[in-house]
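All letters in the sequence shown, in the order written, are residues 6 to 90 by our numbering.
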Amino acid sequence: MEIPQDVAKPVINRMRRAHGQLAGVIKMLEEGRECEEVVMQLAAVSKALDKAGFGLVAGTLKECMRTGESEVDSAKLEKMFLSLA
């Protein structure tokens with residue numbers, strides 16, 4: 006199933022921000038920063054990626070419902086959504 010651009014664009018933007026955050030976490034590790042600081046930033050990256058995944062599945066599910074896609078596609082989306090949990 007193809008991902009509509011209006012769904013993909015905000016997900017891509019969120020993933021780019023997470024990419025920048027992850028680069029920051031790597032730099033923190035290289036600089037020998039405190040464990041608590043690193044873990045806190047790593048958790049933020051993880052949450053950002055989770056939100057990107059949920060946004061992708063939710064947006065695609067909405068599109069399937071709008072266009073009347075088959076039940077099989079809805080089942081696939083449900084499986085993808087649950088894999089993010």
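Backbone N, C-alpha and C fix where the C-beta goes; we use that ideal spot for every residue, glycine too.
query                                                                                             : result
Cβ shell of Phe-86 (< 7 Å), same chain only, five flanking positions each side left out           : Val-62
Distance cut-off 6 Å: Met-85 Cβ against heavy atoms of the ligand SAH                             : Only the bare structure without any ligand can be found here, which leaves the ligand SAH out of the picture.
Proximal residues to Gly-58 (C-beta, below 7 Å), its chain only, five neighbours per side dropped : Leu-89
Secondary structure of Pro-15, DSSP reduced to three states                                       : helix
Local conformation of Arg-38 per DSSP, three classes                                              : coil
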